[in-house]
Amino acid sequence: MELNGKLNDEEELIKNSFDEYCEKNYVPYYEEYLRNRIFPRKIMKDLSELLLPSTISLDKDEKVDDVILGILSEEMGKYEFPLPAFLSIHFSKLLPYINDEAIREKYINQYLAGESIICGAYTEPGHGSDAYHIATEARKSGSDYILSGEKSFVSNPGISDIYMISARTGKGISILMADRSMDGLEPYEIENMAYLFRGEFGGIRMNNVKVPGTYLVGEENKGFKLLMDILSIQRVHVGLYAIGIAEGALNEAIEYAKMRKAFGMPISKFEAVSFRLAEDMAKIESIRTLAYKALAMENSGMDNSIESAAVKGYGCEVAFNAVSDALQTLGAAGYSKTSSMERKFRISRGFLLGDGTPDIQKLIISRKIFGRDFSP
Ligand SMILES: Cc1cc2nc3c(=O)[nH]c(=O)nc-3n(C[C@H](O)[C@H](O)[C@H](O)COP(=O)(O)OP(=O)(O)OC[C@H]3O[C@@H](n4cnc5c(N)ncnc54)[C@H](O)[C@@H]3O)c2cc1C
562 MELNGKLNDE
572 EELIKNSFDE
582 YCEKNYVPYY
592 EEYLRNRIFP
602 RKIMKDLSEL
612 LLPSTISLDK
622 DEKVDDVILG
632 ILSEEMGKYE
642 FPLPAFLSIH
652 FSKLLPYIND
662 EAIREKYINQ
672 YLAGESIICG
682 AYTEPGHGSD
692 AYHIATEARK
702 SGSDYILSGE
712 KSFVSNPGIS
722 DIYMISARTG
732 KGISILMADR
742 SMDGLEPYEI
752 ENMAYLFRGE
762 FGGIRMNNVK
772 VPGTYLVGEE
782 NKGFKLLMDI
792 LSIQRVHVGL
802 YAIGIAEGAL
812 NEAIEYAKMR
822 KAFGMPISKF
832 EAVSFRLAED
842 MAKIESIRTL
852 AYKALAMENS
862 GMDNSIESAA
872 VKGYGCEVAF
882 NAVSDALQTL
892 GAAGYSKTSS
902 MERKFRISRG
912 FLLGDGTPDI
922 QKLIISRKIF
932 GRDFSP
C-alpha cells in the first residue's frame, strides 16, 4: 500500500477476492448464521484456498506481509466476519514457533486445510491486564508437561481445536499448545453481551493435562516475550477490524441521514447530525493511516510499539464512539435488535477490553516515552 492509500496489484487481488467471496458466500447466509448461533466451520475450509496461505509464514524467521493481513482485517470488520476465523488467523502466527518439526508440520497443515480454529488463552479469573503473574502451571514430568489451572474470558474456547496457553514453568512463562482431544482439558462457555455464536466466549479448565514436550511453542520460560510480540501486532489488526466495523456503521448512518426527514428536511441538514459523523470520519481516517503505518513498520522490522498501542487503545475508542454516533443517527430505529447498529455497538465495545484495555495501551506508551523508572 502506498502512502496515498493505493493498493498494489497483489493487495488489490486479495482484497477483491475476499470481498467477492463475502458477497457471494457469506452475506446471503449471515442472518441464518446469527439465528442459529452456530459458527459456520465451512468458512475456514473456504478460506483455506482463498487466503490462509498468505496469512502464515511457514518459517518463523520469515515474516508474513502484515499490510496484506491488515487489509483483510479491515475488510473482515466491514463484513462483521466471524471473530473465530479472524482471531485464528492471528494466533496461527504462533504455529511456526513449535520446535518439533513433525508436530509443527502436522498442525500447520491442519490449519492450512481449514480444519482448525486456534485460540490464545492467557487471561485467568484472577489475572487479566497483568498477564505475567498468572497461576496456571506446567510441571515437567519426564519429557511431558502437566498443565493445571484455569483460563477465563477467552475468545472461542468452545469452538477451538487448538489452544495456545500461557503457563508458569519454573523460572518464567512458556506457551504450550494443547489439542482439544487431550484428557483433562475442559472448555466452558460464559454467556455475555458481545458475542454472536455459541462457544465464542468462556474459559478452559485444565486438570493435569498431559502435554507432550514436543508441543512447546518457542523456548521454555521465554513465552511471555513471544506472546507480547504476537499480541503487539495483533492489536493493530484488532484496531483495523474495529475501524472496519465503524466504517460500515458510518456509511449506513450517512445514507440514513440523507433519507430520514425531521422538521421538513433531511436530518443531514442539521449540523448536529452531519458534523458529528464528519468528525468521526476524520478520526477513523487518521487511525486507519496510523494503522497501516504501524504495519509497514512491522514489515520493515522497525519498533512500532507506540503506534500499535495507539491503534489499539485510541483506535478502538474512536471506533466504538463512531458506532455509537451512527446508532444515535438512526434514533430509536438503531436501538433495536433488528438493526445492525445494535450488534456493531456490542462487538466494538468488546474491543475496549480484549487484547488489553486502553489504560494498558497508555501504560505501554508511557513506558516507552518515560522509561520504566519514570512511568506508572
Ligand atoms: C471481548 C473480549 C475478548 C477477549 N479475548 C480474549 C482472548 O482471546 N484470550 C484471552 O486470554 N483473554 C481474552 N480476553 C480477556 C482480556 O484480555 C481481559 O479482559 C483484559 O486483559 C483485562 O483484564 P480483566 O478483564 O481481568 O480486567 P483487570 O485487569 O482486572 O482490569 C480492570 C480495570 O482496571 C484497569 N487496570 C488494570 N491494570 C491497570 C494498570 N496497570 N494501569 C491502569 N489501569 C489498569 C483496566 O484497564 C480495567 O479498566 C477478552 C476479553 C473480552 C472482553
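Per my numbering, the sequence shown starts with residue 562, numbered consecutively. Built from N, CA and C at the ideal position, the CB exists for glycine as well.
Would you say residue i touches ligand 1, meaning its beta carbon is less than 7 Å from a heavy atom?
| i | result |
| --- | --- |
| ALA728 | no |
| ASP920 | yes |
| THR684 | yes |
| LEU648 | yes |
| MET746 | Correcting the residue identity first, residue 746 is Leu in this sequence and not Met. No, since every heavy atom of ligand 1 falls outside the 7 Å radius drawn around the Cβ of LEU746. |
| SER716 | yes |
| SER704 | no |
| ALA755 | yes |
| CYS877 | no |
| ASP691 | yes |
| ASP916 | yes |
| CYS583 | no |
| GLY681 | yes |
| PRO643 | no |
| GLY763 | no |
| GLY911 | yes |
Following the continuous alpha helix (DSSP H) through residue i, name the residue where it begins and the one where it ends.
| i | result |
| --- | --- |
| PHE600 | From DSSP, PHE600 is part of no alpha helix (DSSP H); its letter is neither H nor E. |
| PHE836 | 832-860 |
| MET562 | It is not in any alpha helix (DSSP H) - MET562 carries neither H nor E in the DSSP assignment. |
| CYS877 | 866-890 |
| MET863 | That residue, MET863, is in no alpha helix (DSSP H); it is neither H nor E in DSSP. |
| SER927 | 919-931 |
| LEU940 | Residue 940 lies beyond the range of the chain shown here (562 to 937); nothing can be said about it. |
| ILE791 | 784-820 |
| PHE935 | Unbroken run through PHE935: none, as it is neither H nor E. |
| ARG904 | 901-911 |
Could you tell me which of the options sits nearest to residue i, measuring between CA atoms?
| i | options | result |
| --- | --- | --- |
| ASP626 | SER793, VAL799, MET562 | MET562 |
| ASP580 | ILE599, ASP722, LYS603, SER634 | SER634 |
| LYS929 | ASN865, GLU903, GLY874 | ASN865 |
| LEU648 | THR616, GLU750, ILE925, LEU787 | THR616 |
| GLU676 | LEU655, THR730, GLU610 | GLU610 |
| ILE669 | SER702, SER900, SER690, ASP722 | ASP722 |
| MET767 | LEU801, GLY703, ALA699 | ALA699 |
| PRO686 | THR730, ILE765, SER653 | ILE765 |
| TYR693 | PHE785, ASP740, PRO589, THR899 | PHE785 |
| LYS603 | PRO645, GLU711, PHE935 | PRO645 |
| GLU859 | ASN717, SER793, PRO937, ASN569 | SER793 |
| ASN812 | PHE600, TYR672, ALA839 | ALA839 |
| GLU623 | GLU641, LEU655, PRO643, GLU592 | LEU655 |
| GLU781 | GLU808, ASP705, ARG910, TYR756 | ASP705 |
| ILE734 | ASP691, GLU593, VAL715 | ASP691 |
| VAL770 | ILE791, SER709, THR890, LEU913 | SER709 |
| GLU846 | PHE600, PRO614, LEU673, ALA883 | ALA883 |
| LEU673 | GLY719, ILE707, GLU761, ILE650 | ILE650 |
Rounded to whole angstroms, what's the CA-CA distance from residue i to residue j? Just pull it up for me.
| i | j | result |
| --- | --- | --- |
| LYS507 | ALA803 | This structure does not reach residue 507, given that the chain is present from 562 up to 937, and the question cannot be answered. |
| GLN948 | LEU737 | Given that the chain is displayed from residue 562 to residue 937, the structure contains no residue 948 and the question cannot be resolved. |
| ASP744 | GLN795 | 30 Å |
| VAL628 | GLY805 | 15 Å |
| LEU777 | ILE695 | 18 Å |
| PRO919 | GLY876 | 9 Å |
| GLU750 | SER713 | 9 Å |
| ASP661 | LEU851 | 37 Å |
| GLY800 | LYS783 | 27 Å |
| LEU595 | VAL588 | 11 Å |
| ALA857 | SER869 | 11 Å |
| GLN671 | ILE678 | 10 Å |
| ALA728 | ALA682 | 10 Å |
| GLU878 | LYS621 | 32 Å |
| ASP607 | TYR724 | 22 Å |
| PRO657 | PRO937 | 35 Å |
| VAL872 | PHE931 | 19 Å |
| CYS583 | GLU816 | 22 Å |
| GLY779 | ILE925 | 23 Å |
| ARG821 | LEU564 | 37 Å |
| GLU636 | LEU787 | 27 Å |
| TYR853 | GLY825 | 42 Å |
| ILE632 | LYS819 | 29 Å |
Note the first and the last residue of the continuous beta strand (DSSP E) segment covering residue i.
| i | result |
| --- | --- |
| LEU746 | 746-750 |
| MET767 | 762-773 |
Do residue i and ligand 3 come close, with the Cβ less than 7 Å from some heavy atom?
| i | result |
| --- | --- |
| LEU924 | Ligand 3 is not part of this structure, which contains only ligand 1. |
Which full runs of the alpha helix (DSSP H) of 4+ residues lie inside the stretch 617-667, going along the chain?
627-639, 644-652
Which residue spans inside the stretch 659-742 form an unbroken beta strand (DSSP E) run of at least 3?
679-682, 698-702, 705-716, 723-730, 733-740
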